[in-house]
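The listed protein sequences correspond, in order, to chains A and B.
Its first residue numbered 119, the first sequence is counted upward by one per residue in the numbering used here.
Its first residue numbered 463, the second sequence is counted upward by one per residue in the numbering used here.
All C-beta atoms, glycine included, are put in the ideal place defined by N, C-alpha and C.
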Amino acid sequence: MLKNKFQFNGNIIRRKVPEIVISLARFLFLIIVGYIVLYPLLYMLVSAIKDKEALLDMEHIWIPISFSFKGFSEAFGLINFGNALKQTILVQVLSAAIEVFVCSFIAYGFARFKFKGKPIFTFLLILSLLIPIQMYSLSMSINFRNLHIFSTPFVYWLPSLFGVGIRSGMMIFIYQQFFIGLPKELEDAAYIDGAGPVKTYFSIALPSSSVVITTVAVLSFVWHWNEYHLATLSFLSEDAPLSMVMNFLPVYLQQVGIYKGWPEYSTLVSAACLMFIVIPLVLYMIFQRKFVRSIDRVGITG
Amino acid sequence: MKNRKPKGLETLKSRYAFIFLAPWIVGMLFFFIMPIVQSAFFSFSQISIEIEGVRTTFLGLENFEYILFKDTQYIDDFIAAITDMLISVPFILVVSLILAVLLNNEFRGRLFFRSLYFMPVIIASGVVLDLYLGAASSNATEVAVNDAVSFGMIDFSEIFTALNLPTAIENYLSVALDNLFMLVWQSGIQIILFIAGLQSIPDLLYEVAHVEGATKWEEFWFITLPMLGRTMFLVIVFTIVENITKSNNEIIAHGYNFFNNLDYGRGSASLWFYFLVIGIIMAIILFLYNKVFLKRWS
């Protein structure tokens, strides 16, 4: 229909040419921004494999004249990579898994039911989105001491279990938006068949939310992996997860006599950074297709 | 009977809600409300952590007086932090909205670009970014980084002068471009949220606009933007929160300096004062957004 109209008016050329120009411009823009996104990563990679000579060579910035992987092995020992990684997985990744599950449960309550004081609870939810953890992480850490869970995984697990972990407010919000958009009919059918709300949630709402779970799981994993404020205030350095070790990296480097501004500093920092991001990055490469698709279907209603 | 039954079901349903909310309410009480009240109390006190526990002495407003009038660095840091917020938040919003609209279109390689642009979400944690920037600017290759930021060949300041832009805008753009990497790297989540929002706009609206002969430009202003209302709200809030909590934020660094010297009272006071001011700014922005923007479009 539409095509016929354009042909009739003889407008086909006037319509087609700008289209090509626009798509070229879009491509160019995307490439430029893509370069900006990738640049720091490439830079890190190059600095990490440069040896001393190459670092001082100003003429070859991108292709080093000589390289070595010594930076990685030194950084590996310096940040005690094995132990820190074990802590990260035990403490933070597990906490992320708990959060993904618990937040869905809570969000279902927010999305599906009318109840007394709903505006107040919603206000509290928004407040928990707004107030940064830096504001109260110190008192959290003191409370952890009082509860005798200081420097144990429970520092992360316990808040996650109650749906108030790392950025849980955000997760609840995303889940809530999804559940609001989910058709109610199936759940109503389950109620008529005599299922209780919890059973309905587990047998219908949860299984149909795999899309949003992907999005939330990726975000929760990443934010837990990178979280270091709470960690720094609640863990002893021998139990430190990776993010906390990274936070103290300049201090560790000073202890072995490498100061900011030295060539070795940039090599070791780049190597450590790469080791820190390699696991999330590889996981992202594996799951990116699913993740990118899932975003389309989460649906934040306008 | 007919009237009473739905009412009964409603109250039952209202009770059901608390099955789901119970853990969260307990958690909020112990891990959110209590720590916040406590930290507010800290800002009025002197804290010392000893082996047998925490000892607090009430000081009144002394901590606030100290940071505002005696600490010469605080006000400078405060202004720097606010300036940074005013520059980066609008920039991030615009960039991520443009990218989200572009990535929402159908074109070849869309999946590739999408995964590429979300990558910063995976790796752009404060730690890595800080360390990276620290390492990059401290070695001999600093020149190379700066060259890359301005793409080596284009001198943006000359372009601005040639365009005869007002000084304020020129300054704004040059600061924004200086921090281009940081700003683009901070736009990942915003792009995700915007795409999620864009996807929930019904195609029907665009079809109608197309039949009516609207241009893409008009479609953007009269359909896309108004329909993104709630997403925009979320993104604004999220961007501001990200900005004020990143570890290289001047005030956060200032407060943590106090914490590192075990001066928890003054540290809490400097954070509290900052977040209160931000809270007020945010309330004004959101109020205006609700009143002016949403009303105008609906």
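Only counting the same chain, and skipping five residues up and downstream in sequence, which positions put a Cβ closer than 8 angstroms to that of residue i?
{"i": "B/Asn719", "result": "Gly729"}
{"i": "A/Val334", "result": "Val218, Cys221, Ser222, Met289, Ile292 and Tyr293"}
{"i": "B/Ile746", "result": "none"}
{"i": "A/Leu256", "result": "Leu351"}
{"i": "A/Phe394", "result": "Leu360, Ser361 and Met364"}
{"i": "A/Tyr383", "result": "Leu371, Ile376 and Tyr377"}
{"i": "B/Leu645", "result": "Ser550, Phe553, Ile554, Val557 and Ala638"}
Please go through the same chain and pick out, in chain order, the residues whose beta-carbon is closer than 6 angstroms to the beta-carbon of residue i, but skip the five residues on each side of it.
{"i": "B/Val697", "result": "Gln652 and Leu655"}
{"i": "A/Ala214", "result": "Ser338, Phe339 and His342"}
{"i": "B/Pro497", "result": "none"}
{"i": "A/Ser269", "result": "Phe353, Leu354 and Asp357"}
{"i": "A/Ala323", "result": "Tyr226"}
{"i": "A/Phe190", "result": "Ala389"}
Using DSSP's beta-bridge definition, name the partner residues of residue i.
{"i": "B/Gln508", "result": "B/Thr519"}
{"i": "A/Phe185", "result": "A/Lys168"}
Under a three-way DSSP split, which group does residue i fall into?
{"i": "A/Lys232", "result": "coil"}
{"i": "B/Arg766", "result": "Because chain B is modelled from 463 through 760, residue 766 of chain B falls outside the range shown and cannot be assessed."}
{"i": "A/Thr332", "result": "helix"}
{"i": "A/Ala193", "result": "helix"}
{"i": "A/Ser321", "result": "helix"}
{"i": "A/His266", "result": "coil"}
{"i": "A/Trp380", "result": "coil"}
{"i": "A/Ala358", "result": "coil"}
{"i": "A/Pro271", "result": "coil"}
{"i": "A/Ile251", "result": "helix"}
{"i": "A/Tyr346", "result": "coil"}
{"i": "A/Leu163", "result": "helix"}
{"i": "A/Ser278", "result": "helix"}
{"i": "B/Leu724", "result": "coil"}
{"i": "A/Val139", "result": "helix"}
{"i": "A/Ala313", "result": "coil"}
{"i": "A/Val151", "result": "helix"}
{"i": "B/Asp546", "result": "helix"}
{"i": "B/Val551", "result": "helix"}
{"i": "A/Arg285", "result": "coil"}
{"i": "B/Ile663", "result": "coil"}
{"i": "A/Ser338", "result": "helix"}
{"i": "B/Phe569", "result": "coil"}
{"i": "A/Lys302", "result": "coil"}
{"i": "B/Lys708", "result": "coil"}
{"i": "A/Phe291", "result": "helix"}
{"i": "B/Gln648", "result": "coil"}
{"i": "B/Glu527", "result": "helix"}
Using a Cβ-Cβ distance cut-off of 8 angstroms, determine whether residue i contacts chain A.
{"i": "B/Pro552", "result": "no"}
{"i": "B/Gln500", "result": "yes"}
{"i": "B/Arg517", "result": "no"}
{"i": "B/Ala658", "result": "yes"}
{"i": "B/Lys753", "result": "no"}
{"i": "B/Ser476", "result": "yes"}
{"i": "B/Ile529", "result": "no"}
{"i": "B/Phe737", "result": "yes"}
{"i": "B/Val670", "result": "no"}
{"i": "B/Thr677", "result": "no"}
{"i": "B/Ile654", "result": "yes"}
{"i": "B/Ile584", "result": "yes"}
{"i": "B/Trp683", "result": "no"}
Got a sec: is the Cβ-Cβ distance from residue i to anything in chain B below 8 angstroms?
{"i": "A/Leu248", "result": "yes"}
{"i": "A/Val421", "result": "Residue coverage of chain A in this structure runs from 119 to 420, which leaves residue 421 of chain A outside it and unanswerable."}
{"i": "A/Met253", "result": "yes"}
{"i": "A/Asn261", "result": "yes"}
{"i": "A/Gly375", "result": "no"}
{"i": "A/Gln210", "result": "no"}
{"i": "A/Ile413", "result": "yes"}
{"i": "A/Met289", "result": "no"}
{"i": "A/Leu399", "result": "yes"}
For the ligand ZN, is there any heavy atom lying closer than 7 angstroms to the beta carbon of residue i?
{"i": "A/Phe241", "result": "With respect to the ligand ZN, the structure offers nothing, as it holds no ligand at all."}
Kindly list, in the order they appear in chain D, the residues whose Cβ is closer than 8 angstroms to that of residue i.
{"i": "B/Tyr726", "result": "Protein chains A and B are contained in the structure displayed, whereas chain D is not."}
Which same chain residues, not among the five before or five after residue i, have their C-beta less than 7 angstroms away from its C-beta?
{"i": "B/Ser505", "result": "Asn525, Gly727, Ser730, Ala731 and Trp734"}
{"i": "A/Phe187", "result": "Ile167"}
With a cut-off of 8 angstroms, do at least 3 Cβ pairs link the region 337-352 of chain A to the region 204-223 of chain A? yes
Are there three or more Cβ pairs, one per stretch, closer than 8 angstroms when the region 523-542 of chain B is compared with the region 363-380 of chain A? no
Under 8 angstroms, with one C-beta from each stretch per pair, do the region 398-412 of chain A and the region 315-327 of chain A reach the 3-pair mark? no
Does the pairing of the region 486-506 of chain B with the region 244-260 of chain A give three or more beta-carbon distances under 8 angstroms? yes
State whether the region 655-668 of chain B contacts the region 559-570 of chain B, with contact taken as three or more CB pairs (one from each stretch) at a distance under 8 angstroms. yes
Taking three-plus beta-carbon pairs below 8 angstroms as touching, is the region 667-680 of chain B in contact with the region 691-706 of chain B? no
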